[in-house]
Structures are given as C-alpha cells and as structure tokens.
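First comes the structure, then the notes that go with it.
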Amino acid sequence: MGRKVLKGLHLIATPSTRPARRTRFVDAVKLAVKLGMKAGLMAPPSLEREVLFARAIAKAGSDNFGDRWFEQPLAALKNAIESEARLHEAGQMLAAMQFEKVLVDRLWAQQYFAAHPEILARPLPYPVFIVGPMRSGTTRLHRLLSADHRFSHMRSFETLCPVPYPGFTPGSDDVRPRLAKRVRRIALLANPNTLTIHPTGPFEPEEELGLLVNSMWGMKHEAQWFIPSYGRWCERQDATPAYRQMARLLKLIGWSQQVSSLRPFVLKTPQHMLDLPALLQVFPDARFIFTHRDPQAVVGSSASLAWNQTCIHSDHADPVQIGEEWLRKTRVQIERMQAARDQIAPSRMIDIAYDDVERDWRGAMARIYQFLDLEVAPAMPAMETYSHKAKRLKRHPHHYALAQYGLSPGRVMEELGDYVQRYDIAAEWAEAERG
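Just so you know, we're using my numbering here: the sequence shown kicks off at 66 and counts up by one.
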C-alpha cells in the first residue's frame, strides 16, 4: 500500500458516540399524522397492491404500466418495509406516497411513448458511466463532466420526477423544478445533514437513481429504510429489466430536454457496482470510469448517509445495524464490480483514485479526457466554474466516524483490505480514529 495517508480529510478526530439526530420538524409531522389518523381525518396508508394500483390508475386515467417485471421488486420491497423497516405513522404515509408516485410515473411514461414514438427511437450512443462505491467521489466527477456541453446529463428535478406531467411539450412550462424546490425545503427541515452529505439543487447534475426507482429497484430504498431482506433479494435477481426501463426513461429525458441525441449521456449511481452485467446488456457500447476510495471512508460515509435518511422515517433506526449492513453492502458492491470487470475490454475503462482527484482534479480530468479521446481544454472553463460553485454548495463538512456505527478501522480493513491492495488505495483515516 504505497500511497500516503491523507489524515482526516472527511472524518472527525474525536467523534461523538452517537450520530446526529433528526430535527424536531419530523417529530411534529409524525405527531400531526398520528393525531389525524386517530381523529379520522386521515386514512391509514396502505401498501397493498390492489389499493396502490387502483389509486394510480384513477389518477393517470390508464392501466398500461409497461413491462410488469417491476411488480416483483415491488412485492419484495413491500414485504421488507412491513417486516423490517418499523416506520412511524408519517413514514408509512410517505412510503405509500412514494409507491403511488412510481406507479403514476410508469403510466404517464407509457402515455408519452404511445403519443410520441420518436422518443423510443432516440439513440443512446456511447454513454459514459462513472462507477464506484457509495461516497467514493462519483458525484464530483459526474458534475465536472456534466459541465462539458459535449455530454448530456440528468438534472436533480429529473431524477426526482423522471416523467413530465401530462400535457408537457419540449419548451413549455415544466412544473417539476418547482416541485423539486419544495422537496429540498422539506428535506432541510427534516434533516439538514442529508444536504450536507449530498449538496444539490433542482438544476444540479444528478445521478439516474430515480430511473431505477421507477422499477422499484435499487439501493436508494436501502439507504432510506432499514430493509436488509429487500437488498438480499435484489442481489439474487437479474436487473436487466430495470436497466431497460432506465434506458427508455433516458430517451424520454433527452426528448424533453431537446438535446442532440448524438451527445452521449454521462451517468453515475453506485447501484451500477452491483448490476454491471445488466448494464452491459442494455448499454453494450458503454465506457466506464471506475472510482476507488479508502473503504474505511466509504463505509463510514455510507453508513452516515443511510442513518441520516433512515432516522427520518423510523423511531427505531439502529446505527449499529446500519453500520453492519453497509459494511456488508460495500463488500458486495466491490466483489460484484471486480467479477464483472472481466467482461469489459481494457480500452473501455479507466481507474481513478479519490485521493488523486482531491490532490489535483485538473490532472485527473486530463487523464479521463485522454481516455475518452476528447480535448480537455474546451471543457476546462466550465469545470472551473463548477468547482467554485461546488464550494459554495458544500458550505459545511460532512462529519462522521465508524465508531458511531459500531465499527472500527481494523474491522473494515479485515474485510476490505484486499480491495485497498488491488487498487493501491490511499488511507484517509485520521490517526486518532485509527488508534
């Protein structure tokens, strides 16, 4: 492990023994919902398939959901939420709303595909996928590349609401950015730590996570609720149908943006670590930027992200359980990624270390552009602008510590030390933490 130790880049040297608490806003909403249900002013939320489907069909005026494969992960997710997540009343209501939204989006998407056959005819040439574990620097690389107008990218409001509302035509008023602003305000009230961990805004470049959620698929659910049985169920499935739906929705987004279909999308979400065979099946000409970071930082930061979301929805979120699950999940991500790399020609992938980007992001981008066979100079002014903007967005450091989640550096390295050696990954853990 020849690289130097970068002490305490994102870790606190003397951590508290417990992670941060959610805000009292959540408690107030929870109480209001509980009292509303008790008084008969609100109906108890339901995740029953028949109820959800009936509500979605009534709202959308259609019963064509497209490929019905999504019903399998929907059933697994419902069962895990009911048996493991231990949601409070407001959490149950939000889960039912999220399920219904996905179903309505699927119905609306099919309506767009039927009304505008040119959407599915759009090509998706040579997409660039940034693939790495959660919290390994994929967001920064994604947003740097998204600053280059030679690429297409998704925006935050599009991953929250992948499908335009009925009646939208390219260039007309789009209500989704306004809805995204409201969601952001509520997220800040519920737990401002979530936007410290992942700063964003309605028009910021964002990952395609919502396109996989459209099939009830992916780690977004595992980071929101403690549902380990759902994660294990997904790990045993072929994700190809979810990626086919993701491709269809990407074409819809490209059509709604009215960008050239010849511009490759730049994409990223940690879910791809688990699903590379499916991704390659659907995007056979994809190119890959693999990111690597000290697994101690990856696991600690992932557990922190999951905790700060899970504690919003449940009164019983256990940081130790979350730490164990995200240590396991990180190991599975790395094992799946390493196994799938054998299917990718070396000329179609490049490895980028997190600490290399920390030290010299311009040099790292020069390497990436050489790999992509593009001149980096035309993109550099826009990337410089993004870099300055990112500092304003991320006004507060993300503090976390393995000890808050029942873990230690030694435990993480015992399980993931081979990953460090394989990719010569620099250690980031502060001496006080390691001791």
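Using N, Cα and C, we set each Cβ at its ideal position, and we do this for glycine too.
Entirely enclosed alpha helix (DSSP H) segments - the segment 293 to 335, minimum 4 residues:
293 to 300 and 305 to 322
Local conformation of residue 203 per DSSP, three classes
The sequence position of residue 203 within the sequence shown is 138, counting from 1. Of the three classes helix, strand and coil, the one that applies to residue 203 here is helix, per DSSP.
Would the segment 400 to 412 count as touching the segment 366 to 381 if we require 3 or more Cβ pairs under 8 Å?
no
So, helix, strand or coil for residue 73, using DSSP?
Residue 73 sits at position 8 when you count from the first residue of the sequence shown. Reliability of the predicted coordinates at residue 73 is poor, the pLDDT of 39 falling under 50, and the value obtained from them is presented with this limitation in mind. DSSP places residue 73 in coil when its eight states are reduced to three.
Return the bridge partner residues of residue 270 from the DSSP annotation.
Position 205 of the sequence shown, counted from the start, is the residue given in the question as residue 270. Residue 270 is bridged to 220.
Can you tell me the Cβ-Cβ gap for residue 361 and residue 467, rounded? I've got them flagged as a contact below 8 Å.
As a position in the sequence shown, residue 361 is number 296, starting the count at 1. As a position in the sequence shown, residue 467 is number 402, starting the count at 1. The Cβ separation is near 7 Å, so the contact holds.
Kindly indicate which three-state DSSP category residue 483 falls into: helix, strand or coil?
Here the question's residue 483 lines up with position 418 in the sequence shown. It is helical.
Residue 79 - DSSP class collapsed to helix/strand/coil:
If you number the sequence shown from 1, residue 79 lands on position 14. Because the pLDDT of residue 79 is 40, which lies under 50, any placement of that residue in the model is unreliable, and the number read from its coordinates should be weighed accordingly. Note: residue 79 maps to coil in three-state DSSP.
When you compare each of 168, 199, 484 and 250 to residue 227 by their alpha carbons, which one comes out closest?
Along the sequence shown, one-based indexing puts residue 227 at 162. Cα-wise, what sits closest to residue 227 is 168.
Between the C-alpha atoms of residue 73 and residue 441, what's the straight-line distance to the nearest angstrom?
Stepping through the sequence shown from its first residue, residue 73 is reached at position 8. Stepping through the sequence shown from its first residue, residue 441 is reached at position 376. Residue confidence for residue 73 is low, a pLDDT of 39 falling below 50, so the modelled location carries little weight and cannot support an answer.
Taking the alpha carbon of residue 381 as the reference point, which residue from 149, 456 and 105 has its own alpha carbon closest?
Here residue 381 corresponds to residue number 316 of the sequence shown, with the count starting at 1. That would be 149, whose Cα lies nearest to the Cα of residue 381.
My output table needs one value for residue 107: the three-state DSSP class, helix, strand or coil.
Numbered from 1 along the sequence shown, position 42 holds the residue referred to as residue 107. Coil at residue 107, not helix or strand.
How about residue 290 and residue 84: do their beta carbons lie closer than 7 Å?
Here residue 290 refers to the residue found at position 225 when the sequence shown is read from its first residue. Here residue 84 refers to the residue found at position 19 when the sequence shown is read from its first residue. No, Cβ-Cβ distance for residue 290 and residue 84 is not below 7 Å.
Test item: CB-CB of residue 145 and residue 294 under 7 Å:
The residue given as residue 145 occupies position 80 in the sequence shown. The residue given as residue 294 occupies position 229 in the sequence shown. Closer than 7 Å, so yes.
Residues in its own chain within less than 8 Å of residue 500 by CB, not counting five upstream and five downstream?
Stepping through the sequence shown from its first residue, residue 500 is reached at position 435. Because the pLDDT of residue 500 is 29, which lies under 50, any placement of that residue in the model is unreliable, and the number read from its coordinates should be weighed accordingly. Same-chain partners within the cutoff: there are none.
Less than 7 Å between the beta carbons of residue 225 and residue 245, yes or no?
Working through the sequence shown from its first residue, we reach residue 225 at position 160. Working through the sequence shown from its first residue, we reach residue 245 at position 180. Yes, Cβ-Cβ distance for residue 225 and residue 245 is below 7 Å.
Please work out which residues of its chain come closer than 8 Å, Cβ to Cβ, to residue 117, disregarding the five sequence neighbours upstream and downstream, and give them in chain order.
Along the sequence shown, one-based indexing puts residue 117 at 52. For residue 117, where only same-chain residues beyond five positions count, the Cβ hits under 8 Å are 111, 161, 164, 165 and 168.
Identify whether residue 395 lies in helix, strand or coil by the three-state DSSP scheme.
As a working mapping, residue 395 is identified with position 330 in the sequence shown. Residue state for residue 395 is assigned as helix, using DSSP reduced to three classes.
Does the segment 324 to 338 come close enough to the segment 195 to 212 to have 3 or more Cβ pairs within less than 8 Å?
yes
Can you tell which of 95, 301, 390 and 230 has its C-alpha closest to the C-alpha of residue 155?
The residue labelled residue 155 in the question sits at position 90 within the sequence shown. Closest option to residue 155, Cα to Cα, is 95.
How many whole angstroms separate the CB atoms of residue 501 and residue 193, which I take to be in contact at a CB cut-off of 8 Å?
What is shown of the chain runs 66 to 500, which leaves residue 501 out entirely.
Can you check DSSP and say which residues form a bridge with residue 158?
As a position in the sequence shown, residue 158 is number 93, starting the count at 1. DSSP output for residue 158 lists no bridge partner at all.
Cβ neighbours of residue 392 in the same chain (closer than 7 Å, five flanking residues each side left out)
Taking the first residue of the sequence shown as position 1, residue 392 is located at position 327. 364, 472, 477 and 480, listed in sequence order.
For residue 490, which residues of its own chain have a beta-carbon under 6 Å away from its beta-carbon, when the five flanking residues on both sides are left out?
On the sequence shown, position 425 is the one that residue 490 refers to. If we look at residue 490 and ignore the five residues flanking it on each side, its Cβ neighbours are 357 and 359.
Can you give me the C-alpha to C-alpha distance between residue 319 and residue 413, rounded to a whole angstrom?
Looking up residue 319 in the sequence shown gives position 254. Looking up residue 413 in the sequence shown gives position 348. C-alpha separation (whole angstroms): 24 Å.
What residue from 184, 408 and 285 has the CA that sits closest to residue 317's CA?
In the sequence shown, residue 317 corresponds to position 252, counting from 1. The shortest C-alpha separation from residue 317 is found at 184.
Alpha carbon to alpha carbon, how far is residue 132 from residue 347? Give it in angstroms, no decimals.
One-based indexing of the sequence shown puts residue 347 at position 282. One-based indexing of the sequence shown puts residue 132 at position 67. Cα to Cα, residue 347 sits roughly 15 Å from residue 132.
Can you name the start and end residues of the alpha helix (DSSP H) that residue 357 belongs to?
Counted from its first residue, the sequence shown places residue 357 at position 292. It is not in any alpha helix (DSSP H) - residue 357 instead sits in the beta strand (DSSP E) that spans 352 to 357.
Between residue 271 and residue 377, what straight-line distance do the alpha-carbon atoms span, to the nearest angstrom?
On the sequence shown, position 206 is the one that residue 271 refers to. On the sequence shown, position 312 is the one that residue 377 refers to. Looking at the two C-alpha atoms, the distance is approximately 22 Å.
Enumerated in chain order, which unbroken segments of the beta strand (DSSP E) with a length of 3 residues or greater are wholly contained in the segment 134 to 203?
193 to 196
So, is residue 385 buried or exposed, given that buried needs 16 or more other C-beta atoms within 10 angstroms?
The residue you call residue 385 lines up with position 320 of the sequence shown. Exposed, because fewer than 16 other Cβ atoms sit within 10 Å of the Cβ of residue 385.
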